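Per UniProt numbering, the very first residue in the sequence shown carries number 1; after that it's consecutive. Ideal placement from N, C-alpha and C gives every residue a C-beta, glycine not left out. Keep in mind the model is a prediction, meaning the values are calculated, not measured. The structure under discussion appears below in the form of structure tokens.
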Amino acid sequence: MEDGGPTHSVLWPVEWTAEVAGTEAVIRDPTGDMTIRTGDEVELAGGFLSEGQYEPQRCATGAAWQVVGVMRHEQ
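Next comes the structure, spelled out in structure tokens:
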């Protein structure tokens, strides 16, 4: 996504974790094999959920995208 584009809440699969340190976010899958950091180029498979299909967290804004697959591009 380019700066200034639309933003969406992202719902990661169960047992994925996210950590924020300063301005960097790190997301890991349950096995630790997939680690995504701020600035990594990724493709996400999944789709938007309609209201009522999930319970948003206080930090959630906009439409929610449920992730069902991730592919990281090597840089």
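- Pairing residue 22 with residue 48, the inter-Cα distance amounts to about 29 Å.
- By the 16-neighbour rule on beta-carbons within 10 angstroms, residue 64 is buried.
- In the three-state reduction of the DSSP assignment, residue 65 falls in the strand class, which pools E and B.
- A Cβ-Cβ separation of about 6 Å places residue 67 in contact with residue 13 under the 8 Å criterion.
- The three-state reading of DSSP puts residue 58 in coil, since its state is none of H, G, I, E or B.
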